[in-house]
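Numbering (my numbering), first residue to last: 14 to 411. We put the CB at the ideal spot given by N, CA and C, even for glycine. The block underneath contains the structure these notes are about, expressed in structure tokens.
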Ligand code: ADP
Ligand code: MG
């Protein structure tokens with residue numbers, strides 16, 4: 014489904030509400046990673062260049078009571094945005110009221126205003142996070158058009174996305190949201206084949222719906238990471254002290270049956286006696302895992318096997334690290350597979366969804382070798398599950 018974007022509407026002279034994802038990590042009141050601010054710049058700049066009056070807002074962290082406000086203010090973010098834009102950003106430390114309304118009325122074409130953390134409205138009854146109808150309607154009344162560019166919260170019904178959209182004439186996607194729709198949505202809808210899905214991460218239980226959906230639409234599903242051991246158990250192997258979800262063994266059996274050969278598991282693993290970065294590593298065939306060792310990574314034969322599927326692929330969707338990549342000694346599987354994917358960049362669409370998988374690839378310095386690295390953790394997971402995300406559904410169709 015094709016969605017309208019900020020390019021499809023008249024902007025000049027309009028009060029443009031822009032929902033961005035400025036949920037940056039803060040350490041002692043300082044921004045420790047400004048990536049989300051940098052990524053939101055193209056949409057904001059576009060609106061300003063077109064002569065729009067930008068009203069920018071976001072959530073930040075969780076706000077349960079008054080005490081959470083000080084540590085979750087967007088003031089520092091507004092300052093950083095100002096530096097990046099090279100122009101004044103009027104910051105209003107409110108989420109509603111006459112001060113905000115007057116400041117918006119005073120905005121001129123090409124000027125930008127930011128208001129306070131939308132989740133300050135959660136203190137009295139989760140108005141933002143539970144999409145209180147009055148709040149969405151109020152925020153919608155502050156602007157002429159709505160640009161949603163916050164993919165990270167697109168899987169949630171909030172006043173600041175769905176609430177505004179249902180009370181304003183036009184809702185369009187910003188450039189970031191557009192990219193996610195194009196690459197994740199577009200690929201799942203119409204993948205070039207062979208389509209190889211790679212799934213890893215800690216737990217089967219986190220990824221059941223993703224596995225089911227990708228089994229439906231892909232040609233091969235390669236499984237590694239912690240979740241693989243529940244599958245190995247289901248196949249009758251002894252897995253030592255590896256991560257096991259005993260209550261998911263039956264489900265793993267069902268998935269293997271349902272998969273009809275589509276699920277590809279490893280042949281060997283890297284084990285250790287302890288979950289420790291210094292623990293000695295051993296290569297074990299999958300039917301040779303000692304009772305006092307745990308699987309920490311995929312083994313060399315498994316890497317080759319996965320590489321051979323990747324080399325043929327025209328589409329790769331990857332979610333979940335294949336080992337405990339945070340420990341360098343057990344990062345080899347994840348790194349090798351990441352590298353193999355970068356080698357097919359010219360022939361395939363390659364996508365990563367998932368917070369830790371994205372972090373791994375960025376840490377390896379391989380991010381440029383992928384077609385698309387999704388910016389949302391929970392949102393990308395739900396998108397991969399094949400769900401309709403409310404924050405995308407509320408954008409006008411083309
Ligand atoms: P994503 O955020 O990409 O969706 P997950 O959150 O599902 O990924 O999983 C990431 C975590 O899985 C990482 O912290 C990694 O250490 C862990 N993991 C991967 N393989 C194993 C394993 N064999 N044993 C234990 N943990 C693992
Ligand atoms: Mg994760």
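task = Could you spell out the range, first to last residue, of the alpha helix (DSSP H) harbouring residue 81?
result = Residue 81 sits at position 68 when you count from the first residue of the chain shown. Segment 79 to 82, the alpha helix (DSSP H) holding residue 81.
task = Express the C-alpha separation of residue 126 and residue 351 in angstroms, rounding to a whole number.
result = Here residue 351 is taken as the residue at index 338 of the chain shown, counted from 1. Here residue 126 is taken as the residue at index 113 of the chain shown, counted from 1. Distance between the alpha carbons of residue 351 and residue 126: 40 Å.
inquiry  = Here's the rule: buried if 16 or more other CB atoms are within 10 angstroms of the residue's CB, otherwise exposed. What is residue 345?
reply    = Along the chain shown, one-based indexing puts residue 345 at 332. Residue 345 is buried by the Cβ-count criterion.
task = Output the residues surrounding ligand 2, defined as those with a CB atom closer than 5 Å to any ligand heavy atom, in chain order.
result = Going by the Cβ distance cut-off, the answer is 368 and 369.
task = Measure the alpha-carbon distance for residue 137 versus residue 78 and round it to whole angstroms.
result = As a position in the chain shown, residue 137 is number 124, starting the count at 1. As a position in the chain shown, residue 78 is number 65, starting the count at 1. Residue 137 and residue 78: Cα-Cα distance of roughly 8 Å.
ask   = If you draw a straight line from the alpha carbon of residue 151 to that of residue 227, how long is it in whole angstroms?
value = The residue given as residue 151 occupies position 138 in the chain shown. The residue given as residue 227 occupies position 214 in the chain shown. Spanning the two alpha carbons is a distance of roughly 40 Å.
ask   = With respect to the beta strand (DSSP E) encompassing residue 31, which residues constitute its N-terminal and C-terminal limits?
value = Taking the chain shown and counting its residues from 1, one reaches residue 31 at position 18. Residue range 28 to 32 is occupied by the beta strand (DSSP E) that includes residue 31.
ask   = What first and last residue would you give for the alpha helix (DSSP H) that runs through residue 212?
value = Here residue 212 refers to the residue found at position 199 of the chain shown. No alpha helix (DSSP H) contains residue 212, which is instead part of the beta strand (DSSP E) from 208 to 212.
Which residues DSSP lists as bridging residue 183, in chain order = Sequence index remark: in the chain shown, residue 183 carries index 170 (1-based). DSSP links residue 183 through a beta bridge to 158.
ask   = So the alpha helix (DSSP H) residue 243 belongs to, where does it begin and stop?
value = Numbered from 1 along the chain shown, position 230 holds the residue referred to as residue 243. For residue 243, the uninterrupted alpha helix (DSSP H) segment begins and ends at 241 to 247.
Length of the line joining the Cα atoms of residue 367 and residue 396 = Here residue 367 refers to the residue found at position 354 of the chain shown. Here residue 396 refers to the residue found at position 383 of the chain shown. CA-CA distance, residue 367 to residue 396, rounds to 11 Å.
request  = Taking residue 11 as the reference, give the member of 73, 311, 182 and 379 with the closest Cα.
outcome  = The first residue shown for the chain is 14 and the last is 411, placing residue 11 beyond what the model contains.
ask   = Hey, how far is the Cα of residue 307 from the Cα of residue 289?
value = For the purposes of this step, residue 307 is identified with residue 294 of the chain shown, where counting begins at 1. For the purposes of this step, residue 289 is identified with residue 276 of the chain shown, where counting begins at 1. Going from the Cα of residue 307 to the Cα of residue 289 covers about 11 Å.
inquiry  = Just checking residue 256 against ligand 1 - is the residue's beta carbon closer than 6 Å to any of the ligand's heavy atoms?
reply    = Your numbering for residue 256 matches position 243 in the chain shown. Residue 256: yes, Cβ under 6 Å from ligand 1.
ask   = CA-CA distance, residue 87 and residue 242?
value = As a first step, residue 87 is located in the chain shown; it is residue number 74 there, counting from the start. As a first step, residue 242 is located in the chain shown; it is residue number 229 there, counting from the start. Their backbone Cα atoms lie some 43 Å apart in a straight line.
task = Using a threshold of 7 Å, state whether the C-beta atoms of residue 112 and residue 67 are closer than that.
result = Against the chain shown, residue 112 aligns to sequence position 99. Against the chain shown, residue 67 aligns to sequence position 54. Contact: no.
Close-in-space but distant-in-sequence residues of the same chain around residue 60 (CB under 8 Å, 5 per side omitted) = On the chain shown, residue 60 is found 47 positions in, with the first residue counted as 1. The beta carbon of residue 60 lies closer than 8 Å to those of 19, 24, 29, 31, 67 and 160 in the same chain, with the five residues before and after it left out.
request  = Check residue 165 in the structure and name its three-state DSSP category.
outcome  = Here the question's residue 165 lines up with position 152 in the chain shown. Look at residue 165 here: in three-state DSSP terms it is helix.
key: Opposing strand residues paired with residue 127 [DSSP bridges]   = Along the chain shown, one-based indexing puts residue 127 at 114. 69 and 104, per the DSSP bridge assignment.
query = Below 7 Å between beta carbons: does that hold for residue 168 and residue 391?
reply = On the chain shown, position 155 is the one that residue 168 refers to. On the chain shown, position 378 is the one that residue 391 refers to. Yes, the pair counts as a contact, with Cβ atoms nearer than the cut-off.
inquiry  = Run through the DSSP bridge pairs and tell me what residue 410 is partnered with.
reply    = The count along the chain shown starts at 1 and reaches residue 410 at position 397. DSSP, once it has assigned bridges, lists 16 as partnering residue 410.
ask   = Mind checking whether the beta-carbon of residue 2 lies closer than 6 Å to any heavy atom of ligand 1?
value = Since the displayed the chain opens at 14 and closes at 411, residue 2 lies outside it and no answer follows.
inquiry  = For a test of the three-state rule: what should DSSP assign to residue 270, helix, strand or coil?
reply    = Locating residue 270 in the chain shown gives position 257, where the first residue counts as 1. It is helical.
key: Residues that DSSP places opposite residue 135 in a beta bridge   = Mapped onto the chain shown, residue 135 falls at position 122. None; residue 135 has no bridge partner.
query = Who are residue 122's beta bridge partners in DSSP?
reply = The residue you call residue 122 lines up with position 109 of the chain shown. In the DSSP output, where bridge partners are listed per residue, residue 122 has none listed.
query = Would you call residue 10 buried or exposed, if buried means 16 or more other Cβ atoms sit within 10 Å of its Cβ?
reply = No information on residue 10 is available, as it lies outside the stretch 14 to 411 that the chain covers here.
ask   = Can you list, in chain order, the residues of its chain whose CB lies under 6 Å from that of residue 349, leaving out five sequence neighbours each side?
value = Taking the chain shown and counting its residues from 1, the one referred to as residue 349 is at position 336. Sequence-distant partners of residue 349 (beyond 5 residues in either direction) whose C-beta falls short of 6 Å from its own C-beta, in its chain, are 316.
For residue 25, three-class secondary structure by DSSP = Mapped onto the chain shown, residue 25 falls at position 12. Here residue 25 sits in coil by DSSP.
key: Anticipated Cβ contact below 8 Å, residue 360 with residue 400, distance rounded   = Sequence index remark: in the chain shown, residue 360 carries index 347 (1-based). Sequence index remark: in the chain shown, residue 400 carries index 387 (1-based). At roughly 29 Å, the Cβ-Cβ gap does not stay under 8 Å, so residue 360 and residue 400 are not in contact.
message = Rounding to the nearest angstrom, what Cα-Cα distance links residue 374 and residue 104 in this structure?
response = Within the chain shown, residue 374 is the residue found at index 361, counting from 1. Within the chain shown, residue 104 is the residue found at index 91, counting from 1. Cα to Cα, the separation comes out at about 35 Å.
task = Let me know if residue 132 comes out buried or exposed under the rule of 16 or more other beta-carbons within 10 Å of its beta-carbon.
result = Along the chain shown, one-based indexing puts residue 132 at 119. Buried: at least 16 other Cβ atoms inside 10 Å.
request  = Taking residue 298 as part of the beta strand (DSSP E), name the residues at either end of that continuous run.
outcome  = Here residue 298 refers to the residue found at position 285 when the chain shown is read from its first residue. Boundaries of the beta strand (DSSP E) around residue 298: 295 to 298.
ask   = What is the residue span of the beta strand (DSSP E) that residue 308 lies within?
value = One-based indexing of the chain shown puts residue 308 at position 295. Looking at the DSSP string, the run of the beta strand (DSSP E) that includes residue 308 is 307 to 311.
request  = Under 6 Å Cβ to Cβ from residue 90, same chain only, skipping five residues before and after it: list those, please.
outcome  = If you number the chain shown from 1, residue 90 lands on position 77. For residue 90, where only same-chain residues beyond five positions count, the Cβ hits under 6 Å are 35.
message = Contact criterion: CB-CB distance below 7 Å. Does residue 276 meet it with respect to chain C?
response = Going by chain labels, chain C is absent from the structure shown, which holds only one protein chain.
ask   = Between the beta-carbon of residue 497 and the beta-carbon of residue 191, is there less than 7 Å?
value = The structure shown does not extend to residue 497, since the chain spans only 14 to 411, so no value can be given for it.
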